[in-house]
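Notes follow the structure.
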Amino acid sequence: MRETALRDHPLDLLSKPLIEHLARTLDRKEQAILLLNRRGYSNFVFCSSCKHTLQCRNCDASLTFHKTPTPSSHMTTVTGKHMEHGYAMCRHCMAQTLVPRDCPLCGKRMTMIGVGSQRLEEELGRRFPQARVARVDSDSMASQDYYRLLREFGQGHIDILAGTQILAKGLHFPNVTLVGVVSADTCLYLPDFRSNERTFQLISQVAGRAGRSEKRGLVFVQTYFPEQPAVKFAMAQDFDGFVQEELKHRTACDLPPSWRLGLIVLRDQKHEKVEAAADAMRQRLDAIVQQRRLHAKIRGPMPAVISRIERSHRIQIIVQMPDAGGMRRLFSVLRKDRPIRPAVKIAVDIDPVNLL
Numbered sequence: 303m304r305e306t307a308l309r310d311h312p313l314d315l316l317s318k319p320l321i322e323h324l325a326r327t328l329d330r331k332e333q334a335i336l337l338l339n340r341r342g343y344s345n346f347v348f349c350s351s352c353k354h355t356l357q358c359r360n361c362d363a364s365l366t367f368h369k370t371p372t373p374s375s376h377m378t379t380v381t382g383k384h385m386e387h388g389y390a391m392c393r394h395c396m397a398q399t400l401v402p403r404d405c406p407l408c409g410k411r412m413t414m415i416g417v418g419s420q421r422l423e424e425e426l427g428r429r430f431p432q433a434r435v436a437r438v439d440s441d442s443m444a445s446q447d448y449y450r451l452l453r454e455f456g457q458g459h460i461d462i463l464a465g466t467q468i469l470a471k472g473l474h475f476p477n478v479t480l481v482g483v484v485s486a487d488t489c490l491y492l493p494d495f496r497s498n499e500r501t502f503q504l505i506s507q508v509a510g511r512a513g514r515s516e517k518r519g520l521v522f523v524q525t526y527f528p529e530q531p532a533v534k535f536a537m538a539q540d541f542d543g544f545v546q547e548e549l550k551h552r553t554a555c556d557l558p559p560s561w562r563l564g565l566i567v568l569r570d571q572k573h574e575k576v577e578a579a580a581d582a583m584r585q586r587l588d589a590i591v592q593q594r595r596l597h598a599k600i601r602g603p604m605p606a607v608i609s610r611i612e613r614s615h616r617i618q619i620i621v622q623m624p625d626a627g628g629m630r631r632l633f634s635v636l637r638k639d640r641p642i643r644p645a646v647k648i649a650v651d652i653d654p655v656n657l658l
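Taken in order, the sequence shown gives residues 303 to 658; the numbers are from the working numbering.
In structure tokens form, the structure reads like this:
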């Protein structure tokens, strides 16, 4: 594998070494797979003057810009004009909206920040106009189209396949000799203790798509943080080294698998109501732990990472316990106890896949 530090190419989606090796791969009539684990064209629509970011009206989240080949509807936005070839979409409630060309707050021109798989496909088409490029992600196709496109790629009708994590595993194409991870940092530093694990897994899986026959494979990993453990161990294909390092960190922080973790999320459209319910839940948990003499760490209540989804405010409480038996006893008592008041929707997830 080879790594390319993006700080040496801060404005480039594709680094110079990756572009050069893509050109050589195409010259040899071989194929390439490029992974960028973000859908859409751009992650944010942003005003560089007043720093306003286009937000979802239903969720505490920014909108992703999606480009379209044909002009969008002639509806007007609050500023009177909109970007014609595209729309903005929320990944949580799936709401769509036109994108104002000018900032609704200060009137200056809006700009795009961040890149997605659509932008990668466009860049590849610009850099390699003679190459046959196709994009694979959940936005671009139904399942039958996905399998048709993979069949065409396997038959050699496509030169470069670009897309999201859907490309990372389970694919075997003997003529693929180059794999590029366009941004290995996409999942790093998310407020989720499994982010390192996901990054290591994604790099390792997609790297396995290259050189699956007698032809030698080459893997490029573009990153701003080449010394980050998940990236470093994935580059070295050192599974044992990564596991030891990650387990050391999780044990020090009392995280799974050494401890068990319970995530309680309370939600309601009225913020004051869910806040009061979360306080009542914390008091109930503290009382059970004290009465049953359980060993537990309780954090919160605190706003969820995405504090509002589909107009419902979300507050979370995290419970950490050293064994599964104690966790079962805690939630068994909680379930049999009187209902929390005021009444709100409550979800409990033990050892959640993610904390987002």
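Don't be surprised by glycine CBs; every beta carbon is placed ideally from N, CA and C.
- Partner residues in a beta bridge of I460, as assigned by DSSP, do not exist.
- With respect to the C-alpha of L473, the residue from D461, A486, L492, A509 having the closest C-alpha is A509.
- In terms of Cβ geometry, K647 and D570 form a close pair [threshold 8 Å].
- Of the candidates R613, Q622, I590, Q622 places its Cα closest to the Cα of R601.
- The C-beta of L407 has fewer than 16 other C-beta atoms within 10 Å across all chains shown, which makes the residue exposed.
- The Cβ atoms of F430 and L324 lie closer than 8 Å to each other.
- Judged by DSSP in its simplified three-state form, S364 adopts strand.
- In the structure shown, the three-state DSSP call for Q398 is strand.
- Cβ-Cβ distances below 6 Å link R437 to S419, E423, A464, G465 in the same chain, with the five nearest sequence neighbours on each side left out; the list follows chain order.
- Relative to the Cα of C349, the nearest Cα in the group E332, T413, Q357, T370 belongs to T413.
- DSSP places L338 outside both helix and strand once states are collapsed to three, so it counts as coil.
- Each residue's CA atom was taken as its position, placing L636 and Q446 some 46 Å apart.
- Cα atoms of E499 and I462: separation of roughly 27 Å, rounded to the nearest angstrom.
- In terms of Cα proximity to Q432, the closest of I335, I460, G416 is I460.
- Within the DSSP secondary-structure output, G564 pairs in a beta bridge with V621, I652.
- Within 10 angstroms of the beta-carbon of Q333 lie 16 or more other beta-carbons, which makes it buried.
- A distance below 6 Å between beta-carbons, with the five flanking residues on each side excluded, links V417 to the following residues of its chain, in chain order: L315.
- Residue burial is scored here from C-beta neighbours: R594 has fewer than 16 other C-beta atoms within 10 angstroms and is therefore classed as exposed.
- Secondary structure of Y448 (DSSP, three-state): helix.
- In the displayed model, D542 falls within a helix according to three-state DSSP.
- Counting other Cβ atoms within 10 Å of its Cβ, P371 stays below 16 and is therefore classed as exposed.
- Short of 7 Å from the beta carbon of N656, and not among the five residues preceding or following it, lie these beta carbons of its own chain, in chain order: D494, R496.
- In this structure, the CA atom of A536 is about 39 Å from the CA atom of R613.
- DSSP, read as helix, strand or coil, puts I611 in strand.
- For the beta strand (DSSP E) assignment, the uninterrupted runs of no fewer than 3 residues enclosed by the region 546-601 are, from N- to C-terminal side, 562-570.
- Beta-bridge annotation (DSSP): V438 is paired with G465.
- By the criterion of a C-beta distance shorter than 8 Å, A626 is surrounded in its chain by R562, once the five residues flanking it on both sides are discounted.
- Distance between L520 and C489, taken at the CA atoms: about 23 Å.
- In the displayed model, R500 falls within a helix according to three-state DSSP.
- DSSP places T413 in the uninterrupted beta strand (DSSP E) bounded by 413-415.
- Between I505 and A486, the C-beta spacing is below 8 Å.
- As the crow flies, the alpha-carbon of M583 is around 10 Å from that of Q618.
- Membership of Q524 in the beta strand (DSSP E) is indicated by the continuous run 520-525.
- Counting along the chain, M391 sits inside the beta strand (DSSP E) bounded by residues 388-391.
- Between V533 and F527, the C-beta spacing is below 8 Å.
- Residue pairing by DSSP places G482 opposite L336, F522 in a beta bridge.
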